[in-house]
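K.L.:
The following block contains the structure, expressed as structure tokens.
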Amino acid sequence: MRIILYFILLTIFTANTSTGQIIFHFIPEAYARNLDALSTVQIQNVSAISNGQISITVRENSKRINVVEVTTPAFVIKQGVNVIPKNVFGNSLLKFGNNTYGKIVNQTKSFPPGDYSFCFVFIPIEKGSLEFENCFDTFIEPLAPMQLLLPADQDTICLKRPVLSWQPPMPYSGSIYFRLVLTEKRQARNGTEAMLKNTPLLLLDHITGTTLMYPANYPELKEGVTYCWQVVAYQQGVIISTSEVWEFTVKCKEEAVMDNDSYRELKSLVNGNYYITGQYLKFSFLNNYNIEEMQYTILDINERVNPVKHLPKIKLIPGLNKIEIDITEVGLKQGKTYILKVFPFNEPPVEVRFIYQ
Numbered sequence: 304m305r306i307i308l309y310f311i312l313l314t315i316f317t318a319n320t321s322t323g324q325i326i327f328h329f330i331p332e333a334y335a336r337n338l339d340a341l342s343t344v345q346i347q348n349v350s351a352i353s354n355g356q357i358s359i360t361v362r363e364n365s366k367r368i369n370v371v372e373v374t375t376p377a378f379v380i381k382q383g384v385n386v387i388p389k390n391v392f393g394n395s396l397l398k399f400g401n402n403t404y405g406k407i408v409n410q411t412k413s414f415p416p417g418d419y420s421f422c423f424v425f426i427p428i429e430k431g432s433l434e435f436e437n438c439f440d441t442f443i444e445p446l447a448p449m450q451l452l453l454p455a456d457q458d459t460i461c462l463k464r465p466v467l468s469w470q471p472p473m474p475y476s477g478s479i480y481f482r483l484v485l486t487e488k489r490q491a492r493n494g495t496e497a498m499l500k501n502t503p504l505l506l507l508d509h510i511t512g513t514t515l516m517y518p519a520n521y522p523e524l525k526e527g528v529t530y531c532w533q534v535v536a537y538q539q540g541v542i543i544s545t546s547e548v549w550e551f552t553v554k555c556k557e558e559a560v561m562d563n564d565s566y567r568e569l570k571s572l573v574n575g576n577y578y579i580t581g582q583y584l585k586f587s588f589l590n591n592y593n594i595e596e597m598q599y600t601i602l603d604i605n606e607r608v609n610p611v612k613h614l615p616k617i618k619l620i621p622g623l624n625k626i627e628i629d630i631t632e633v634g635l636k637q638g639k640t641y642i643l644k645v646f647p648f649n650e651p652p653v654e655v656r657f658i659y660q
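Letter by letter, the sequence shown follows residues 304 to 660 in this note's numbering.
This is how it looks when you write it as structure tokens:
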């Protein structure tokens, strides 16, 4: 009876000792972002020298899919702490999952955001020997999330077709595309609620860059309306990063200065206000330097690139000048907003916004 008990205890002790022969140490928070970093796993051998393969299985848990399986050639694992030699890992057999995650890793060698398990298994060459496995779980997020840039959050702009720009998530790959959504805020308490409840005014997909000019084939934004917008980055259909929801308001008509057939001093019109005019744009200009001709230009406020052509020459006299510009002769369009920009001698330019009605 004592002999039988002895052999039972010996068997239990041997089994417990065997299960602890090879232990894997891996820090997924630091090394689980790309495929090559899997080779940084440390292999602790607490028994005799062993010869075998390492199998690494990466699984995305929320989707319940295998992303990639790595099988190394056989190599010697000495007593103590070992790492997978670079030449051994470089000759490993790679089997990528037949899914979007597997395609992304195959293409970029980086793991997209997700909930992952990394399982390392030692497979001995000697038949009948025990295999040893350790698994590590982690959630991968972008190192730097996507950030909206312009228009700034809570900003007020005077552009009916603004430029929208954002900073991509990091690490950034050329295979990442962007989806932009813009909607009115209306009665929503915040931008997130507006995105959920309101119909998008702008929904653009497969954007390759990080700057977008508001499309000309969409209706322009409206005066006095607050808009919410958001950008989503995705790769092979997998969402990589989602920006915050920002909002901005289109507001151009601040305080209008009505044309009452008087000649207003040019500098008195420069306070961010609008000068509403009819056929004639009237203002007074003090010529302190005996300049013979006024240097000026007129620009569409939404473009600011191409000045209005064929503007009449305006002769000046020393002292106070009362100036009239016939709007109907220079091709301006009714209902649009323009900027009159005057360049006084030896002084900074003066800009005046006006609406032609």
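All C-beta atoms, glycine included, are put in the ideal place defined by N, C-alpha and C.
1) Which word fits A377, buried or exposed, when buried means at least 16 other C-beta atoms lie within 10 angstroms of its C-beta?
2) Who are the Cβ neighbours of L602 in its own chain at under 6 angstroms, not counting the five residues just before and after it?
3) Helix, strand or coil for E332 per DSSP?
4) Output the distance between the C-alpha atoms of Q695 and A536, rounded to the nearest integer angstrom.
5) How would you call G638, buried or exposed, if buried means at least 16 neighbouring beta carbons within 10 angstroms?
6) Given that a residue counts as buried once 16 or more other Cβ atoms are within 10 Å of its Cβ, and exposed if not, what is F648?
7) Looking at the secondary structure, which residues open and close the beta strand (DSSP E) in which Y530 lies?
8) For the alpha helix (DSSP H) that Y517 lies in, which residues bound it at each end?
9) What did DSSP end up calling L462 once you bin it into helix, strand or coil?
10) By how many angstroms is the C-alpha of S358 removed from the C-alpha of I428?
11) Tell me the rounded alpha-carbon separation between Y521 and Q538.
12) Quick test of your reading: P445 and I330, contact by CB under 8 angstroms. State the CB separation rounded to the nearest angstrom.
13) Is it true that the CB of L635 sits closer than 8 angstroms to the CB of N590?
14) Please state the DSSP three-state secondary structure of L341.
15) Output the distance between the C-alpha atoms of K488 and C531, rounded to the nearest integer angstrom.
16) Please state whether the Cβ-Cβ distance between I626 and F586 is less than 8 angstroms.
17) Checking the sheet assignment: what are the DSSP bridge partners for C422?
18) Quick check: the Cα distance between M449 and V534, rounded to an integer number of angstroms?
19) Leaving out five residues before and five after A335 in sequence, what residues of the same chain have Cβ atoms less than 7 angstroms from its Cβ?
20) Please name the residue in E332, L452, L507 and R367 whose C-alpha comes closest to that of F551.
21) Need the endpoints of the alpha helix (DSSP H) that N409 sits in, please.
22) Check whether the segment 394-414 touches the segment 343-353, taking contact to mean three or more Cβ pairs, one atom from each stretch, closer than 8 angstroms.
23) Taking DSSP as the reference, what is the three-state secondary structure of L569?
24) Per DSSP, what kind of secondary structure is A447 in: helix, strand or coil?
25) Only counting the same chain, and skipping five residues up and downstream in sequence, which positions put a Cβ closer than 6 angstroms to that of K406?
26) Looking at C-beta atoms only, is the number of pairs between the segment 490-499 and the segment 464-477 that lie closer than 8 angstroms three or more?
27) Whose CA, out of V373, K463, I479 and L515, lies closest to the CA of A340?
28) What first and last residue would you give for the alpha helix (DSSP H) that runs through F414?
29) Taking T545 as part of the beta strand (DSSP E), name the residues at either end of that continuous run.
P.N.:
Quick look at the numbers:
1) exposed
2) P610 and I642
3) helix
4) Residue numbering for the chain in the displayed model covers 304 to 660; residue 695 lies beyond these limits and cannot be assessed.
5) exposed
6) exposed
7) T529 to Q538
8) Per DSSP, Y517 belongs to no alpha helix (DSSP H) and is neither H nor E.
9) coil
10) 13 angstroms
11) 26 angstroms
12) At roughly 19 angstroms, the Cβ-Cβ gap does not stay under 8 angstroms, so P445 and I330 are not in contact.
13) no
14) helix
15) 6 angstroms
16) yes
17) T360 and C438
18) 8 angstroms
19) F414, Y419, F421, T441 and I443
20) L452
21) T403 to T411
22) no
23) helix
24) strand
25) Q539
26) no
27) V373
28) Taken as a continuous stretch (DSSP letters only), F414 belongs to no alpha helix (DSSP H), as it is neither H nor E.
29) V541 to T545
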